[in-house]
Amino acid sequence: MKRIYSKTKSTIVKVAVLSLPLVTLLSSCGDDFLSYPSETSIPEDRAFETPERILSQVNGLYGSAKNGALFGGRYLIYNDIRGEEFRNRTSNVVTGYSSYQFTNDPSDTYIANFWSQGYLTINRINKFLADFDNYPDAVSDELEAQYRAEAKFIRGLTYYALVQLFAKPYTLDNGQSRGLPLRLQPETNSANNELAASSVADVYAQILQDLNDAEAGLPATQGSNNTTRAHKNTAIALKTRVYLAMGRHGDVITEANKIVSASAPFSSPNNVAHVLSADVMALYTQYNTLENIFSFPMADTNAPGTQNQLGYYYNVGNIEYYLNQSAPGIYADREAWPESDARRSLTEVYSDAWHILTKWSGDSPYDDWVPIIRYAEVLLNLAEAEAEVGDQGRAIALLEAVRHRSDPDYEFAGLTSREAILTAIATERRIELLGEGFRIPDLQRRLEPIVSVGAGASIEPSDDRYVYPIPTAEILTNPALVN
1 MKRIYSKTKS
11 TIVKVAVLSL
21 PLVTLLSSCG
31 DDFLSYPSET
41 SIPEDRAFET
51 PERILSQVNG
61 LYGSAKNGAL
71 FGGRYLIYND
81 IRGEEFRNRT
91 SNVVTGYSSY
101 QFTNDPSDTY
111 IANFWSQGYL
121 TINRINKFLA
131 DFDNYPDAVS
141 DELEAQYRAE
151 AKFIRGLTYY
161 ALVQLFAKPY
171 TLDNGQSRGL
181 PLRLQPETNS
191 ANNELAASSV
201 ADVYAQILQD
211 LNDAEAGLPA
221 TQGSNNTTRA
231 HKNTAIALKT
241 RVYLAMGRHG
251 DVITEANKIV
261 SASAPFSSPN
271 NVAHVLSADV
281 MALYTQYNTL
291 ENIFSFPMAD
301 TNAPGTQNQL
311 GYYYNVGNIE
321 YYLNQSAPGI
331 YADREAWPES
341 DARRSLTEVY
351 SDAWHILTKW
361 SGDSPYDDWV
371 PIIRYAEVLL
381 NLAEAEAEVG
391 DQGRAIALLE
401 AVRHRSDPDY
411 EFAGLTSREA
421 ILTAIATERR
431 IELLGEGFRI
441 PDLQRRLEPI
451 VSVGAGASIE
461 PSDDRYVYPI
471 PTAEILTNPA
481 LVN
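Going by UniProt numbering, the residue at position 199 of the sequence shown is 199; the numbering climbs one at a time, nothing skipped.
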C-alpha cells in the first residue's frame with residue numbers, strides 16, 4: 001500500500017466579501033487575494049472612493065464565487081458523485097447522499113445553498129457593475145473595463161453552473177426548456193422577487209454575451225495572478241466549454257483555435273502561453289502551472305468550509321466517496337487506463353475496499369486550490385469538436401497529446417471512424433478530468449443516461465431527476481417560478 005501523501009505550501013489566500021449594505025475593505029496591498037489581512041467594513045456609499053477599495057470589491061467577487069457551497073467544492077462534487085465513478089461510504093445527507101441516490105427533492109437544504117450562493121454572487125456582481133456607473137472617474141478607463149470584464153466572467157461562469165445543474169440540457173431542444181430567472185439588475189430589497197424563468201437558450205445567450213464582453217475587456221495577462229484572476233484566455237477557454245454544451249462544435253473550434261496551435265506540440269499562440277504540464281502530478285501541488293488556466297485558491301485561513309472540501313470527500317479526510325472498482329467505473333477499466341499511466345498515481349489503495357482519489361490532500365484544513373479550467377480540457381473540447389465537424393486527424397493528435405503526457409507509449413486502436421474517435425475522447429475525459437466536475441455535464445450535453453451507482457438505475461434525460469429541481473426556498477419567495 002502506498003503512503004497517502006499530504007501537501008504543504010506557503011501560499012495564503014485573501015478574500016474580500018462584498019455584501020449589499022457593506023463592502024469589505026482589504027487594507028493591505030499584496031498579490032490580490034493571495035494574502036489575508038485584517039478587514040474593515042465601510043459604508044456602501046464610500047466603497048468606490050479609492051482604487052484600493054474598488055480592487056477589494058473585485059477580489060470580493062472572486063471570494064463569493066469560491067465559497068465552498070459553490071465553486072470551492074460543491075459544484076465539482078455534485079457533478080461527479082451522481083454517476084458511475086464513485087461509491088458512497090458514509091450515507092451522510094450533508095455530503096450529498098441524497099444526490100448520490102437521486103432521492104433529493106426541492107426541499108434539499110444543501111442543493112438550495114448552492115442555488116442561493118450562486119444568485120448571491122450574481123447579485124453582488126450586478127450591484128458592482130451598476131455602482132460603477134456612479135463613479136466614472138474612480139479608476140482609469142482601462143482599469144474600469146478590466147474590472148467590469150472580470151465581473152462578467154464570474155457571472156458567466158456562475159450562470160453556466162446554475163443552468164447546467166438546474167435546467168435541461170441545451171441540446172435537448174435547442175434551449176427551449178425552462179431555464180432560470182435571469183437577474184441582471186441589482187436587487188437590494190424584495191420588490192423584484194417575482195421573476196419568471198427565462199428559457200435555457202436565453203440563459204446561454206447571456207452567458208455568451210458576458211464571456212464575449214469579458215474577452216474584450218480582460219488583459220492579455222494577469223502576471224503572477226494568471227491562475228487566480230481572469231485574463232483573455234480564461235474567457236476563451238470557458239467559451240469552448242459553453243459552446244460544447246450547446247452542441248455548437250464549429251464555434252468550439254473557432255474559439256479554441258485562438259489558444260491552441262494548429263499542430264502538436266499544442267500550446268497557446270496568443271496571450272498567456274498555455275501548455276500541458278510535463279508532470280501531471282504538478283497540477284495538484286504547483287498551482288500556477290501554464291496548464292492551470294483558472295483555479296480558486298485556498299489557504300489555512302480561508303479554506304472551503306466544513307464538509308465542502310474535495311480532500312475531505314475523496315481522500316483520507318473522511319473518504320465520503322471512494323472509487324468504483326467495478327464496471328462501468330473508469331477506474332476498473334485497466335485496458336483503457338493501464339497501470340503504465342501516470343494518472344494512476346493520483347489514486348491510492350487505502351484498503352481493499354476503499355481505493356481513493358488523491359488529487360487533493362486529505363489533511364485538514366484542505367487548502368488545495370480548486371481547478372476550474374485546465375488546458376487539457378480545452379484540448380479535449382477541441383478534439384471532440386474536430387471529430388464531430390472538422391479534422392479527424394487533428395482530433396486524434398489532440399487526444400494523443402493528452403494521453404501521451406501521462407502514458408507516452410500508449411497506442412489507441414481502431415480510430416478509423418468518427419464514432420470510434422468520439423468514444424475514445426469521451427473515455428479520455430473520464431480519466432483526465434476525474435473528480436473535477438465533468439462527468440454529469442458530459443453525459444447531459446450528449447443526452448446520455450446517467451448510470452447512477454447510488455440509485456442503482458440509469459437516469460434518462462426524460463426523467464425529472466436528470467437535473468436538480470429548483471429549491472423550495474426560491475419558489476416560496478418567487479411565485480412566478482415553478483419546477
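Note that beta-carbon positions come from the ideal geometry of N, C-alpha and C, so glycine has one too.
These numbers were taken from a predicted model, which means no experiment stands behind them.
Inset, instruction - Reducing DSSP to helix, strand and coil, say where E52 ends up. - result: E52: helix per DSSP, three-state reduction.
Inset, instruction - Return helix, strand or coil for T347, following the three-state DSSP convention. - result: Of the three classes helix, strand and coil, the one that applies to T347 here is strand, per DSSP.
Legend entry - Three-state secondary structure (DSSP) of Y466: Helix at Y466.
Legend entry - Beta-carbon proximity check, Q307 vs V467, cutoff 8 Å: Note that the C-beta distance between Q307 and V467 is not below 8 Å.
Inset, instruction - Please report the Cβ distance between A424 and F412, rounded to the nearest whole angstrom; I am assuming they are in contact, meaning their Cβ atoms lie under 8 Å. - result: Correct: roughly 6 Å between the Cβ atoms.
Legend entry - Bounding residues of the alpha helix (DSSP H) (the contiguous stretch that carries S295): Taken as a continuous stretch (DSSP letters only), S295 belongs to no alpha helix (DSSP H), being part of the beta strand (DSSP E) at 292-296.
Legend entry - Cα-Cα separation between S340 and I421, rounded to whole angstroms: The straight-line gap from Cα to Cα measures roughly 22 Å.
Inset, instruction - Look up N225 in the DSSP assignment and say whether it is helix, strand or coil. - result: In the structure shown, N225 adopts helical secondary structure according to DSSP, grouped into three states.
Legend entry - I77 vs Y331 beta-carbon contact at 8 Å: Here I77 is not near Y331, since their CB atoms are 8 Å or more apart.
Inset, instruction - Please go through the same chain and pick out, in chain order, the residues whose beta-carbon is closer than 8 Å to the beta-carbon of S199, but skip the five residues on each side of it. - result: Closer than 8 Å at the Cβ level, and outside the excluded window around S199, lie G175, Q176, S177, R178, G179.
Legend entry - Between the CA atoms of A457 and L218 - distance to the nearest angstrom: Answer to the nearest angstrom: the Cα atoms are 45 Å apart.
Legend entry - Through-space distance from S190 to A385, alpha-carbon basis: Near 44 Å, if we compare the C-alpha coordinates of S190 and A385.
Legend entry - Contained alpha helix (DSSP H) runs [length at least 4] in the UniProt domain "RagB/SusD" (363-482), N- to C-terminal order: DSSP runs (the alpha helix (DSSP H)) wholly in the UniProt domain "RagB/SusD" (363-482): 375-389, 392-406, 418-432, 439-445, 472-477.
Inset, instruction - Could you tell me which residues DSSP pairs with F86 in its beta bridges? - result: DSSP lists L323 as partners of F86.
Legend entry - Nearest residue (CA-CA) to residue 513, options I373, A342, P169, Q209: Because residue 513 is not part of the residues shown, which for the chain are 1 to 483, the question remains open.
Legend entry - Beta-bridge pairing of L357 - partner residues as DSSP gives them: DSSP lists T347 as partners of L357.
Legend entry - the stretch 135-153 contacting the stretch 216-230, beta-carbon criterion three pairs below 8 Å: Counting Cβ pairs under 8 Å, three or more are found: they touch.
Inset, instruction - Return yes when the Cβ of L238 is within less than 8 Å of the Cβ of Q206, no when it is not. - result: Note that the C-beta distance between Q206 and L238 is not below 8 Å.
Inset, instruction - Assign D108 to buried or exposed, taking buried as 16 or more other Cβ atoms, counted over all protein chains shown, within 10 Å of its Cβ. - result: Around the beta-carbon of D108, 16 or more other beta-carbon atoms lie within 10 Å, marking it buried.
Inset, instruction - Compare the Cα-Cα distances from I372 to each of Q222, A130, V349, L310 and report the closest residue. - result: Check the Cα spacing between I372 and each of Q222, A130, V349, L310: the tightest is with L310.
Legend entry - Three-state class that DSSP yields for N126 in the structure shown: If DSSP states are grouped into helix, strand and coil, N126 belongs with the helices.
Inset, instruction - Check whether the Cβ atoms of W369 and S462 lie closer than 8 Å to each other. - result: No. Outside cutoff.
Inset, instruction - Indicate whether the contact test is met: 3 or more Cβ pairs, each with one atom in the stretch 155-164 and one in the stretch 99-119, closer than 8 Å. - result: A contact exists between the stretch 155-164 and the stretch 99-119.
Inset, instruction - Consult DSSP for S47 and reduce its assignment to one of helix, strand or coil. - result: Note that residue 47 is Ala in the sequence shown, not Ser. Coil, per DSSP.
Inset, instruction - Return the bridge partner residues of R178 from the DSSP annotation. - result: Per DSSP, S199.
Legend entry - the stretch 374-390 touching the stretch 350-357, judged by at least three CB pairs closer than 8 Å: Touching, no, given that fewer than three Cβ pairs across the two stretches are closer than 8 Å.
Legend entry - Three CB pairs or more closer than 8 Å across the stretch 78-86 and the stretch 437-457: Yes, since at least three Cβ pairs between the stretch 78-86 and the stretch 437-457 fall closer than 8 Å, the two stretches touch.
Legend entry - Where the alpha helix (DSSP H) through F166 begins and ends: Residues 141-166.
Inset, instruction - Would you please state the rounded distance, in angstroms, between the beta carbons of T240 and N381? I believe it to be under 8 Å. - result: Taking C-beta atoms under 8 Å as the contact rule, T240 and N381 qualify, at a distance of about 4 Å.
Legend entry - Contact set for I54: own chain, Cβ-Cβ below 7 Å, skip 5 residues either direction: Excluding residues within five positions, the ones whose Cβ falls inside 7 Å are F48, A138, V139, Y147.
Legend entry - Beta-bridge partners of V275, as assigned by DSSP: The partner list for V275 (beta bridge, DSSP) reads S267.
Legend entry - CB contact flag (R405, V280, <8 Å): In contact: R405 and V280 (Cβ atoms closer than 8 Å).
Inset, instruction - Keeping to the same chain, check which residues put their C-beta closer than 6 Å to that of K66; ignore five residues upstream and five downstream. - result: Excluding residues within five positions, the ones whose Cβ falls inside 6 Å are G72, F296.
Legend entry - Rounded straight-line distance, which links the Cα of R248 to that of G329: Straight through space, the alpha carbons of R248 and G329 are spaced by roughly 29 Å.
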